[in-house]
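Data first, discussion second: the structure below is written as structure tokens.
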Amino acid sequence: MGYKRSRDEAMVEVKTEQPASPYIPMFEGFRKELDEHHDRREKIIKASRDITASSKKMQVASIKHRVRSLGQPVPQFVNKNNTQYWETIDKQYKSIAADVQGLNAYRYERNITGGNQEFMESLTFQHYLETQTLISYDESKSRIAAMSGEGGPVLLSPEDFILGVFDLIGELMRFSITSMAMNGKLPAGKPKKYKNEKKDAEDEQAGDKMDVDEEAPAASETQQPRIVLSDLREIRLRLEMFEPPPGSKFADEVEKKMRVMRECVDKVEKALYSLTVRGKERPKGWMPEATEGRRAEVESY
Amino acid sequence: MAAQSGMVDPAIFKDLQSMVDQDAALRDELRDIIQALEKHNRNIMFVLSRAHSTPVANLSDVLKAAEEPIQNVVETVSKLSQSASKLPYYKFNSMWSRQVQEAVSGILFWGWLGGQKQDGGESKCGRLLTIEELGEILKVPVNLKDRDEFHLTIEEYLQALITLVEELARLARNSVTLGDYERPVLINQFIKDLHAGFQILNLKNDSLRRRSDGIKYRVKDVEDVVYDLSLRNLLPKKEVEN
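Note that the protein sequences, when read in sequence, are chains A and B. For the first sequence, the positions run 1 to 301 when the working numbering is used. For the second sequence, the positions run 302 to 543 when the working numbering is used.
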């Protein structure tokens with residue numbers, strides 16, 4: 001997108017060189033309408049970018065700060081760090097909420113979809129870390145509606161949600177690989193295995209709707225705790241079973257993301273394989289199977 | 302969530318699938334109407350293309366013949382409007398926007414040629430139908446802002462205007478071939494005026510911008526025709542005096 005010429009500048013230029021055309025008043029009306037439209041669109045594009053940037057930072061922070069356990073609140077210091085990003089996202093959704101109501105909800109859909117998808121990636125990831133489940137579309141919608149405030153809910157399309165879930169797989173892959181490198185095993189649902197900062201984690205989550213303790217599947221004694229890989233396989237299956245409308249733009253995007261998504265699951269399977277085969281010889285800090293080399297490629301999609 | 306044993310509640314994807322399937326079904330339904338519209342648009346253009354080889358004196362037959370396909374377009378647009386008004390407008394708008402533009406540009410050309418009778422029953426060449434008049438002809442609202450229904454957008458109207466300019470540039474040359482030296486002068490002024498209008502818009506880098514950039518070449522084309530005529534002293538006298 002190029003830089004725009006200042007509006008006043010363009011006007012003055014024209015006015016001096018073009019004497020009265022009978023259609024000028026009509027076009028002045030159009031200009032006003034189009035200017036309003038472009039201003040709104042630019043505002044939304046900017047908000048979308050800010051939401052994307054903050055969501056990405058939040059994802060990186062969660063992995064960097066060694067969230068290594070599942071089904072329990074994310075340690076407080078991670079949350080503290082993430083608060084600023086949540087606030088930015090919240091503010092951005094509020095700032096555009098009034099602009100995307102009614103007729104305009106779908107008018108600017110493709111301008112906000114980038115931000116929505118990236119935020120979905122973050123939201124599904126956070127929710128997964130805390131509950132080891134996939135957040136539903138309806139709950140995601142109401143989360144965004146809550147963030148949108150009084151202007152009315154910002155639209156989250158089913159497509160945004162699904163594409164966000166595709167990206168969640170990449171996030172879980174990075175989470176798994178890092179965890180294997182640091183702890184020598186895949187994160188699983190049983191919290192007691194980990195000596196992480198369990199105590200401080202409680203308070204920050206007080207206002208949260210999710211009742212984490214009850215939902216942690218590890219609570220049932222009879223069941224083996226699920227490891228991340230089985231969850232990855234489950235989402236992979238769901239995504240593979242999903243049928244986008246043939247020939248649509250959405251179908252193209254799904255196809256692209258499907259490829260990346262499969263690679264991500266493969267990567268975790270391969271890493272777990274080499275960890276199983278050579279695990280015992282693992283020196284401290286050793287990364288399973290070529291993580292560094294391939295990481296860039298995944299992060300760039 | 303109680304029945305859920307794994308990570309994913311199966312209902313999530315079941316619901317998503319049915320939402321997406323429903324959209325696809327709606328699109329199929331609309332597609333039939335849009336295809337019909339496309340056919341009627343072609344018929345308008347087929348009839349009106351005779352204007353390029355018909356002297357002004359005999360034009361009324363052509364304009365009359367265009368009324369039937371235009372009526373078909375109006376009916377099809379009404380049908381489209383009825384189906385589409387139940388849906389979020391901009392969610393599906395891209396499906397029919399091009400066809401609506403074609404319909405509008407056909408009617409604009411017809412109107413410019415004098416298709417729409419004036420109050421006195423006279424038909425006059427060189428008239429621009431406004432977006433409001435098109436809304437009346439097509440029986441749809443224009444430039445809606447307060448409610449989410451089918452309508453004609455400003456962008457669609459502007460796109461159709463550009464098509465009209467292109468059509469008229471052709472007509473200017475063809476008029477000369479028919480021995481009509483008056484119409485090129487009229488066209489020259491008309492598209493200059495429209496060009497001036499487009500110049501005051503702040504267009505972004507979109508298809509409207511790209512197409513409107515071409516208007517100046519059409520202006521030049523017609524200027525060249527007028528220049529050729531004036532060079533040979535073929536311009537009608539009263540126009541020269543003006």
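For every residue, glycine included, the Cβ atom is placed at its ideal position computed from N, Cα and C. Predicted, not measured: the structure shown is a model, and the values here were computed from it.
Per DSSP, reduced to three states, the secondary structure at Leu331/B is helical. According to DSSP, Ile227/A shares a beta bridge with Ala188/A. With a threshold of 7 angstroms between beta carbons, Gly115/A makes no contact with chain B. Scanning its chain for C-beta atoms nearer than 7 angstroms, with the 5 sequence neighbours on each side dropped, one finds around Val523/B the residues Ala470, Ala473, Pro485, Ile488, Asn489 and Ile492, in chain order. Excluding its 5 nearest sequence neighbours in each direction, Glu456/B has C-beta neighbours in its own chain below 7 angstroms: Leu509, listed in chain order. Ser157/A counts as buried, since at least 16 other C-beta atoms from the protein chains shown sit within 10 angstroms of its C-beta. Where His353/B is concerned, there is no enclosing alpha helix (DSSP H), because DSSP gives it neither an H nor an E.
No residue range can be given for Val74/A, since it is assigned to no alpha helix (DSSP H) and is classified by DSSP as neither H nor E.
Residues are counted here when their Cβ sits less than 7 angstroms from a Cβ of chain A; for the segment 373–395 of chain B these are Pro389, Tyr390, Tyr391 and Lys392, given in chain order.
By DSSP's assignment, Leu453/B forms a beta bridge with Val443/B. Between the alpha carbons of Ile44/A and Ile96/A lies a distance of about 6 angstroms. Listed in chain order, the non-local C-beta contacts of Pro537/B below 8 angstroms within the same chain comprise Tyr482, Glu483 and Val486, local neighbours out to five positions each way being set aside. Sequence-distant Cβ neighbours of Arg174/A in its own chain, meaning closer than 7 angstroms and more than five residues away, are Ile63.
Rounded to whole angstroms, the Cβ separation of Ser136/A and Asp310/B is 6 angstroms, and the two are in contact under 8 angstroms. Residue environment: Arg238/A is assigned as buried (16 or more neighbouring CB atoms within 10 Å of its CB, all protein chains considered). For Gly412/B, the enclosing alpha helix (DSSP H) stretches over residues Tyr390 to Trp413. Cβ atoms of Val405/B and Tyr458/B come within 8 angstroms of each other, at about 6 angstroms. Contact between Gly407/B and Leu349/B holds, since their C-beta atoms are separated by about 7 angstroms, short of 8 angstroms. Listed in chain order, the non-local C-beta contacts of Val154/A below 6 angstroms within the same chain comprise Tyr93, Ala97, Val100, Ile144 and Ser148, local neighbours out to five positions each way being set aside. The Cβ atoms of Ile345/B and Ala367/B lie closer than 7 angstroms to each other. Classified as buried, Glu130/A has 16 or more neighbouring CB atoms from the shown chains inside 10 Å of its CB. Scanning Pro244/A, Met180/A, Tyr128/A and Glu269/A for the CA closest to the CA of Met258/A turns up Pro244/A. Inter-residue distance for Asp494/B and Asn506/B is about 23 angstroms (C-alpha atoms, whole angstroms). Residues of the segment 78–102 of chain A that bring their beta carbon within less than 9 angstroms of a beta carbon in chain B comprise Gly102, in sequence order.
Contact of Phe314/B with chain A is assigned, a C-beta pair being separated by under 7 angstroms. Lys418/B sits in coil when the DSSP states are folded into three classes, being neither helix nor strand.
Ala105/A: member of the alpha helix (DSSP H) spanning Asn104 to Arg107, first to last residue. Under the Cβ criterion of 7 angstroms, Ile334/B is not counted among the residues facing chain A.
CA-CA distance, Asp266/A to Thr276/A, rounds to 15 angstroms. For chain B, the residues of the segment 150–165 of chain A that bring a beta carbon within less than 8 angstroms of one of its beta carbons are Pro158, Glu159, Phe161 and Ile162, in chain order. Straight-line spacing of the CA atoms in Gln383/B and Ile516/B works out to 35 angstroms. CA-CA distance, Gly152/A to Gly184/A, rounds to 47 angstroms.
When C-beta distances to chain A are compared with 9 angstroms, the residues of the segment 495–520 of chain B below that value are Leu495, His496, Ala497, Gly498, Phe499, Gln500, Ile501, Leu502, Asn503, Leu504, Lys505, Asn506 and Leu509, in chain order. For Asp35/A, the nearest CB of chain B lies under 7 angstroms from its own CB, placing it at the interface with that chain.
Identification of chain A residues near Ile455/B by a Cβ-Cβ cut-off of 7 angstroms yields Phe30, Glu33 and Leu34, ordered along the chain. In the three-state scheme derived from DSSP, where H, G and I count as helix and E and B as strand, Phe27/A is classed as helix.
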